Ligand code: ADP
Ligand code: ADP
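What follows is the structure in structure tokens.
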């Protein structure tokens with residue numbers, strides 16, 4: 004069964020804007036999928052629908068065979084553990100240490116009172132350190148997040164998602180605020196999560212060049228619809 008399945012998904016925003024139009028999509032475990040399209044095409048709307056950061060208007064979305072659309076709050080929380088997010092703006096807690104930001108990947112596994120008093124297990128602290136090592140950031144463990152460069156912050160965000168151990172990683176324009184060299188490095192880190200940890204990756208990119216170099220499968224979106232879905236070799240120059 005697919006890791007992600009979207010069935011006849013339509014999303015209309017409150018102001019009447021159509022974000023997604025009757026999307027049907029299956030993504031299997033271990034795929035590295037890149038979604039490309041112009042600004043306003045619906046890439047972000049699609050990605051945010053998958054972990055139900057916002058609700059859809061029609062259709063159904065299944066995660067590993069289970070409907071996230073219909074999930075009630077407790078089950079939704081369990082399902083979201085399986086899904087990690089990477090954002091354009093990194094979404095780190097700026098004034099906290101790298102260590103604390105990466106430990107936050109484990110938050111969904113603890114009751115709130117434990118995290119309030121920093122009661123993370125030794126296993127989780129070890130996991131955090133290993134995640135930072137995998138992205139080459141181990142020596143920054145006690146730095147404050149806002150002391151790091153953009154590329155370093157995104158690598159910390161990737162370590163956080165690795166610590167979470169999700170099945171799926173959703174990356175919304177992960178390289179949009181980075182220079183070309185740093186962008187490639189961040190894509191390499193996502194590729195490492197995909198290959199070494201068998202995580203299914205879905206990334207929105209505005210750069211077709213990056214998409215071609217990193218995606219096993221490229222999906223083109225325009226005006227809320229899928230207009231291309233294929234292997235990277237055959238990707239058209241524009242969508
Ligand atoms: P992309 O990620 O490809 O740039 P988006 O998914 O952000 O595209 O946007 C798709 C469409 O939905 C655009 O027309 C955009 O203006 C609209 N849109 C996005 N967010 C909202 C919102 N919160 N309210 C109304 N319209 C929105
Ligand atoms: P804060 O951001 O609140 O100052 P820290 O970054 O100091 O918190 O610590 C975050 C978490 O890491 C806490 O759970 C803390 O107990 C733990 N921690 C702090 N130092 C170490 C260490 N040397 N080894 C393992 N865990 C640590």
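Residue numbers (full-length UniProt numbering): 4 to 242. Ideal Cβ positions, reconstructed from N, Cα and C, are used throughout, including at glycine. Being a predicted model, the structure only gives us computed values, none of them experimental.
Per DSSP, residue 163 is one residue of the alpha helix (DSSP H) stretching across 153–167. In this structure, the C-beta of residue 54 stays at least 7 Å away from each heavy atom of ligand 1.
Set against 7 Å, the gap from the CB of residue 46 to the closest heavy atom of ligand 1 is smaller.
Collapsing the DSSP output to three states places residue 31 in coil. CA-to-CA, the gap between residue 233 and residue 183 works out to about 25 Å. Under the 10 Å beta carbon count, residue 114 is surrounded by fewer than 16 other beta carbons and is classified as exposed.
Exclusion of residue 25 from the 7 Å shell around ligand 1 follows from its C-beta lying no nearer than that to any non-hydrogen atom of the ligand. Comparing C-alpha distances from residue 207 to each of 111, 26 and 218 shows the shortest one belongs to 218.
Separation of residue 205 and residue 174 (C-alpha to C-alpha, rounded to the nearest whole angstrom) is 6 Å.
For residue 11, the enclosing beta strand (DSSP E) starts and ends at 7–15.
Going by DSSP, residue 132 is part of the alpha helix (DSSP H) stretching over 125–137.
Its Cα nearest to that of residue 157, the residue 139 stands out among 171, 209, 58 and 139. Per DSSP, the continuous beta strand (DSSP E) segment holding residue 175 begins and ends at 171–175.
For residue 42, the number of other beta carbons within 10 angstroms of its own is below 16, and it is reported as exposed.
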